[in-house]
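Engineer: Quick one: the structure is below, questions incoming.
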Amino acid sequence: MARAATTSDAFNAIAEPQRRDILALLRAGEWPVNDLAQELGMSQPRASKHLRVLREVGLVRVREAGKQRLYGLDARGLRPIHEWVGGFERFWNESFDRLDTYVQDLKQTRQED
38 MARAATTSDA FNAIAEPQRR DILALLRAGE WPVNDLAQEL GMSQPRASKH
88 LRVLREVGLV RVREAGKQRL YGLDARGLRP IHEWVGGFER FWNESFDRLD
138 TYVQDLKQTR QED
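Just so it is clear: in the sequence shown, position 55 is 92 by the working numbering, and no numbers are missing.
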């Protein structure tokens, strides 16, 4: 099965670790591309390319501020990822509940010995 283009959806876009790093930085607020590039140790053109992909899938917004373009997180684009991951929450909660029951049983057994 052919892999979808990275610009097709948020899942593919965040598959790239450097894009996840960009999103993590943008959680704190808006950044100009040069500052993002410097912070992440990449060239400005490479950072711009990643920002374009993130913008195209709706994870990043851009705002003109004088001569600068400021990039900010648009977390609404993360909704499909959040909903997908949320489907596993029940699995993990049940797993942790079983682990907690097991640990409590071990404690009870040790107290009885």
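Cβ atoms here follow ideal geometry from the backbone N, Cα and C, with glycine treated the same way.
Within the chosen definition, does the stretch 126 to 133 reach the stretch 79 to 90 through at least 3 CB pairs nearer than 8 Å?
Structural biologist: Too few Cβ pairs lie closer than 8 Å, so no.
Engineer: If we count the other Cβ atoms within 10 Å of its Cβ and call it buried at 16 or more, is H119 buried or exposed?
Structural biologist: By the neighbour-count rule (16 or more Cβ atoms within 10 Å), H119 is not buried but exposed.
Engineer: Report the residue from G103, D72 and V90 whose alpha carbon sits nearest the alpha carbon of A52.
Structural biologist: Checking every option, the nearest Cα to that of A52 belongs to V90.
Engineer: Please name the residue in Q55, L110, V94 and E93 whose C-alpha comes closest to that of E76.
Structural biologist: Checked all of Q55, L110, V94 and E93; the closest Cα to E76 is Q55.
Engineer: Mind checking W68: buried by the 16 CB within 10 Å criterion, or exposed?
Structural biologist: Classification for W68: buried.
Engineer: Are R113 and G95 close, meaning C-beta to C-beta below 8 Å?
Structural biologist: Contact: yes.
Engineer: DSSP three-state label for R83, please.
Structural biologist: Three-state result, R83: helix.
Engineer: Measuring alpha carbon to alpha carbon, tell me which residue in D134, W121, R98 and E93 is nearest L110.
Structural biologist: Of the candidates D134, W121, R98 and E93, the one whose C-alpha sits nearest the C-alpha of L110 is R98.
Engineer: Rounding to the nearest angstrom, what Cα-Cα distance links W121 and V140 in this structure?
Structural biologist: Rounded to whole angstroms, W121 to V140 spans 30 Å at the Cα level.
Engineer: If we ignore side chains and look at the alpha-carbon of each, how far apart do R116 and K104 end up?
Structural biologist: Distance between the alpha carbons of R116 and K104: 32 Å.
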